[in-house]
Amino acid sequence: MTDPTRRPSVLGSSVALFAGSASLLGLALASVEALAVGIVGLVLLAVGLFAPVRRLVTIAGGCFLLALLVAGVRGGGPEPLLVAALGSILAWDVGEFAIGVGEQLGR
């Protein structure tokens, strides 16, 4: 088990999960199938930030990308796809950064 002080910051994890939720909002407006894949991505992001496991955060980013592709193929509008893309990129980036800061500086 990892040292409890070497976990991602609460603020970084919160921002990443908020951005992932914003991405889900855009995916919900675009396609139901994309929303299902996006929910898997958000769950993996949350587990990856809680554990902390960088690989799970990366897989969550891949799930968000897959959800964006599904939403685009299903004919989602440009505005919801833009919101979903920005949210998913921000969620992945902030999640990776929060884990990195937790590893180097601690919570």
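All letters in the sequence shown, in the order written, are residues 1122 to 1228 by our numbering. The C-beta atom is built at its ideal place from N, Cα and C for all residues, glycine as well. Owing to the predicted nature of the structure, the values given are computational and were not obtained by experimental measurement.
Residue 1206 is not a Cβ neighbour of residue 1166, given a cutoff of 8 angstroms. In the three-state reduction of the DSSP assignment, residue 1157 falls in the helix class, which pools H, G and I.
Below 8 angstroms, enough C-beta pairs join the segment 1192 to 1205 and the segment 1143 to 1155 to call them touching: three or more. Non-local C-beta neighbours of residue 1226 in its own chain, meaning closer than 8 angstroms and more than five positions away in sequence, are absent.
In its chain, beyond the 5 residues on either side, 1147, 1150, 1151 have a beta carbon closer than 7 angstroms to the beta carbon of residue 1201. The alpha-carbon separation between residue 1188 and residue 1137 amounts to approximately 17 angstroms.
Pairing residue 1174 with residue 1160, the inter-Cα distance amounts to about 18 angstroms.
Per DSSP, residue 1175 is one residue of the alpha helix (DSSP H) stretching across 1175 to 1194.
The Cβ atoms of residue 1224 and residue 1178 do not sit closer than 8 angstroms to each other.
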